[in-house]
Amino acid sequence: PSLECRIASACQKVEVSISNAMKPFLQTLHRAGASPKCSIESLDVDALVRARNGFVAKTGNSGLDTIFETLRQLVDVRSSIRSQETVTARMKLQIMRETQGDAFLFQSILAEVVSICS
Numbered sequence: 305p306s307l308e309c310r311i312a313s314a315c316q317k318v319e320v321s322i323s324n325a326m327k328p329f330l331q332t333l334h335r336a337g338a339s340p341k342c343s344i345e346s347l348d349v350d351a352l353v354r355a356r357n358g359f360v361a362k363t364g365n366s367g368l369d370t371i372f373e374t375l376r377q378l379v380d381v382r383s384s385i386r387s388q389e390t391v392t393a394r395m396k397l398q399i400m401r402e403t404q405g406d407a408f409l410f411q412s413i414l415a416e417v418v419s420i421c422s
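Residues are numbered in the numbering used here as their position in the sequence shown, beginning at 1, plus a constant of 304.
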């Protein structure tokens, strides 16, 4: 296969890893009644903002903001991967690894992106 096909295939695998990383966060939102009204595949920043704002307006509780922000960052990385902007995705993941509590999660996805960039 061509280099372009190999990169596209690797990007699809990373996208699956990112979606899998989102699932526990989305489950937490679902249990709290704050989940976005869309599928994980179509989840975007706007849907997260609407879900967060709706939850806060309804409950007055902003305690899930960290989860919403983590999901926002993962959606942003996934968007870069979908556009095959692997260097951009790599930089975003490095920032997440440094600033988020679950460094292992971001490290494993980062390793996949680094392998594409190599």
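Ideal Cβ placement from N, Cα and C applies to all residues, glycine included.
Report buried or exposed for A325, applying the criterion of at least 16 other Cβ atoms within 10 angstroms of its Cβ. Against the sequence shown, residue 325 aligns to sequence position 21. By the neighbour-count rule (16 or more Cβ atoms within 10 Å), A325 is buried.
Rounded separation between T363 and L307 - CA only: What you label residue 363 is simply residue 59 of the sequence shown in a count that begins at 1. What you label residue 307 is simply residue 3 of the sequence shown in a count that begins at 1. Answer to the nearest angstrom: the Cα atoms are 50 angstroms apart.
What are the boundary residues of the alpha helix (DSSP H) that includes D350? Position 46 of the sequence shown holds residue 350. Start and end: 349-363.
Just the Cα atoms here: how many angstroms apart are T390 and N357? Position 86 of the sequence shown holds residue 390. Position 53 of the sequence shown holds residue 357. Near 31 angstroms, if we compare the C-alpha coordinates of N357 and T390.
Put K317 into one of helix, strand or coil per three-state DSSP. Reading the sequence shown from its first residue, position 13 is the one you call residue 317. DSSP places K317 in helix when its eight states are reduced to three.
Tell whether a beta-carbon distance below 8 angstroms holds between F359 and L352. Within the sequence shown, the letter at position 55 stands for residue 359. Within the sequence shown, the letter at position 48 stands for residue 352. Result no, Cβ atoms of F359 and L352 do not sit closer than 8 angstroms.
Proximity to F329 [Cα-Cα], best of Q377, K317, E402: Here residue 329 is taken as the residue at index 25 of the sequence shown, counted from 1. When each option's Cα is compared against that of F329, the closest is Q377.
According to the neighbour-count rule (16 or more other Cβ atoms, all chains shown, within 10 Å of its Cβ), is I399 buried or exposed? The residue you call residue 399 lines up with position 95 of the sequence shown. Classification for I399: exposed.
Simplified DSSP assignment, three categories, for P340: The residue given as residue 340 occupies position 36 in the sequence shown. In the structure shown, P340 sits in coil (DSSP, three-state: anything other than H, G, I, E or B).
Considering just the uninterrupted stretch of the alpha helix (DSSP H) at L368, what are its terminal residues? The residue you call residue 368 lines up with position 64 of the sequence shown. It is not in any alpha helix (DSSP H) - L368 carries neither H nor E in the DSSP assignment.
Between the C-alpha atoms of A312 and S366, what's the straight-line distance to the nearest angstrom? Translated into positions along the sequence shown, residue 312 becomes position 8. Translated into positions along the sequence shown, residue 366 becomes position 62. Counting only the Cα atoms, S366 lies some 38 angstroms from A312.
Return yes when the C-beta of T403 is under 7 angstroms from any heavy atom of the ligand PLP, and no when it is not. In the structure shown, the ligand PLP is absent, as is every other ligand, since no ligand is present at all.
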